[in-house]
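Down below is the structure, laid out as structure tokens.
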Amino acid sequence: MASSPQEGKPDLAVLQALKAQIDALKADYEKRIKDLEAQVEQLQTQMLQVTPEPEAAIPSAQPATGRTVQSIPGALNPAISVIGNFLGRADSMKVFNEDLDRVDNKLSLREAEIDMRVPIDPYADGVVITSLEAETPGRFSVDVEEGYVNIKKLPFLDRPPLGLKIKVGRFRPSFGKINILHRHDLPQSFRSLPIQEFLGDDGFIQNGISGNFFIPTPWDPNSSLDATVEVLNGGDIAISPVARTRVSYLGHLRWFRTLKEAHNLELGWSSYYHPSGNQVASAKFHGVDFMYRWKPLRLGEWKSYILGGELMFARRAFPEASEPVEVARALEGLQPGTGKPKGYSIFNQWQFDRRKYAGVRWDQTDTLFNPGLKRHSLTTYLSYYFSEFLRFRINYEHRWSDLFTEDKRNSVFLELNWVFGSHPPEPFWVNK
180 MASSPQEGKP
190 DLAVLQALKA
200 QIDALKADYE
210 KRIKDLEAQV
220 EQLQTQMLQV
230 TPEPEAAIPS
240 AQPATGRTVQ
250 SIPGALNPAI
260 SVIGNFLGRA
270 DSMKVFNEDL
280 DRVDNKLSLR
290 EAEIDMRVPI
300 DPYADGVVIT
310 SLEAETPGRF
320 SVDVEEGYVN
330 IKKLPFLDRP
340 PLGLKIKVGR
350 FRPSFGKINI
360 LHRHDLPQSF
370 RSLPIQEFLG
380 DDGFIQNGIS
390 GNFFIPTPWD
400 PNSSLDATVE
410 VLNGGDIAIS
420 PVARTRVSYL
430 GHLRWFRTLK
440 EAHNLELGWS
450 SYYHPSGNQV
460 ASAKFHGVDF
470 MYRWKPLRLG
480 EWKSYILGGE
490 LMFARRAFPE
500 ASEPVEVARA
510 LEGLQPGTGK
520 PKGYSIFNQW
530 QFDRRKYAGV
540 RWDQTDTLFN
550 PGLKRHSLTT
560 YLSYYFSEFL
570 RFRINYEHRW
580 SDLFTEDKRN
590 SVFLELNWVF
600 GSHPPEPFWV
610 NK
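For the sequence shown, the working numbering gives the first residue as 180, with consecutive numbering after it.
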């Protein structure tokens, strides 16, 4: 018997019906999740309102008539994660750290991090992340990388206005997409040249207050818009490192949109500013970031593609900036330049299967001391995901630079990250 020409091909009506069922299931699951979150908050409130009565000297022989509320041991104990970051490197040139110790061709436990998170009460969560870092292999320093309370809602409001969340303490400010990531969560082994130049070798960390809220987008149901406004201490940022700097202000606007099924786009704008005062000049610079992601529905667990980047720029040179070590060594004895410094980084990453990711990153930046001096780097990398608790990465980097301390340098990095304890959130580039 001859087969029908349509045999084996999916019927359009069937596909549309399946899609409608999937959408209905998604809506149902979202409602259930919200209901469960509300129940959890109510239970937390009840637990915190329970006050244990003092023990009686003589146990009562009468049965208790009131209802006994039994607390759950450890219900409000922190979730603790311990994260290790090991790096081995081979370099074609000498590389120094801030203490002028050589770090080229070395093996090092680069960082050990203790991450503690706990629901303080129904209104706030607490986070403390302690870092033991070794800039020189074997020499560790201890620092609180982040320590803050995240206020999710207020007791006198049923719901926070515009989903407002307030962060108070020490944290990574929301400048761009990558600064908020910790070292072990980076898609490559090192931060990009523009981030090192404008923010610092390990990004930007500061004490302050941050508020994040959503902006309604009724004209486009497939998009979301949120804003972050932060008031921070001055200093401790590469572009303006002096500690006596006046209070600084940072804003970040993020727009997210689903383009088609399996395709989405994220755009962001960041601005940092502090006024002049205390014998320190004012500082201001801006950034643009974008991220395109493809994650097919049928192969979403095994395939994905990311294209992302950041651009940073300022309107004047900053001779007072804290330059990376290889830059500072080359600038000794030189006069500062003029111009408008800028830098950008762009990378793409392909996920081959459940475990393997590969990508390429291109960096280009001016120095803040003299925008006429250019720095470039090309980084290729392969990441292997044993599990969510163990991942390995190999990077190759080549640099072109106007600075003799890094021009034509070739480096190979072998990185291993491991986690034990409670599982922390996955970074954005992981598709599991």
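Ideal placement from N, C-alpha and C gives every residue a C-beta, glycine not left out. Computed from a predicted structure; not experimentally measured.
Sheet register partners of residue i (DSSP bridge)
i	result
R570	Y564 and N596
M295	I259 and V307
T139	Given a span of 180 to 611 for the chain in the structure shown, any question on residue 139 remains unanswerable.
S427	L411
Y302	Its beta-bridge partners do not exist; DSSP assigns none.
W448	L432 and V467
Q528	I485 and G538
L513	Bridge partners of L513: none, in fact.
R281	F275
V323	T309
S590	D270 and E576
Residue closest to residue i, alpha-carbon to alpha-carbon, out of the options
i	options	result
G305	V321, G348, F275 and E312	G348
R534	S562, D294 and K332	S562
D532	P475, G488, F275 and R494	P475
R351	F369, L333, V323 and Q385	Q385
Y327	G342, D294 and V321	D294
D322	L333, P606 and I308	I308
Q543	Y560, V591, R370 and G456	R370
G390	H442, L343 and T517	L343
S461	E480, H442, I418 and R436	I418
F568	H363, L333 and T584	H363
D545	E594, W579, R572 and Y564	W579
S450	G456, L513, Y428 and R318	Y428
D586	E605, E505 and G387	E505
D381	T424, E324 and G387	E324
Integer Cβ distance of residue i from residue j, believed to fall under 8 Å
i	j	result
V426	H453	7 Å
F377	G551	Going by Cβ atoms, the distance from F377 to G551 rounds to 17 Å, so no, they are not a contact pair.
L582	A509	4 Å
F492	L547	11 Å between Cβ atoms; not a contact.
I345	G379	In fact, because the Cβ distance is near 25 Å, the residues do not count as touching under 8 Å.
D283	R268	7 Å
S601	I259	6 Å
N574	S368	5 Å
F393	L444	Not a contact, Cβ separation roughly 18 Å.
P520	Q375	So it is not a contact: roughly 13 Å between Cβ atoms.
Q530	K482	6 Å
P606	L446	About 19 Å separates the two Cβ atoms, so there is no contact after all.
G538	P373	With 8 Å as the limit, G538 and P373 do not qualify as a contact, their Cβ atoms being about 17 Å apart.
CA-to-CA distance, residue j to residue i, given in whole angstroms
i	j	result
H465	E440	32 Å
L404	N589	41 Å
P603	Q458	42 Å
H555	T407	31 Å
P298	P257	8 Å
E576	L336	52 Å
T315	W597	21 Å
D468	W448	6 Å
L311	R472	33 Å
F383	S353	9 Å
P400	F275	51 Å
S250	Y302	Caution is warranted here: a pLDDT of 47 is assigned to S250, below 50, making its placement in the model unreliable, and the coordinate value is therefore given only provisionally. Those two C-alpha atoms are separated by around 19 Å.
G355	L432	9 Å
E480	V609	10 Å
P339	L557	45 Å
T230	W434	Residue confidence for T230 is low, a pLDDT of 42 falling below 50, so the modelled location carries little weight; the figure read from the coordinates is stated next. Those two C-alpha atoms are separated by around 45 Å.
Y560	F592	9 Å
F571	F599	15 Å
T584	S320	27 Å
G616	S501	Outside the displayed span of the chain (180 to 611) sits residue 616, for which this structure offers no information.
E594	D278	23 Å
D334	D300	Note on residue identity: the sequence assigns Pro, not Asp, to residue 334. In a straight line, the C-alpha of P334 is about 11 Å away from that of D300.
T437	P395	16 Å
Proximity test, Cβ basis, 8 Å: residue i and chain D
i	result
N391	Reference to chain D is not applicable here, since this structure consists of a single protein chain.
Within the chosen definition, does the region 284-292 reach the region 255-268 through at least 3 CB pairs nearer than 8 Å? yes
Pairing CB atoms from the region 511-529 with CB atoms from the region 481-492, are three or more of them under 8 Å? yes
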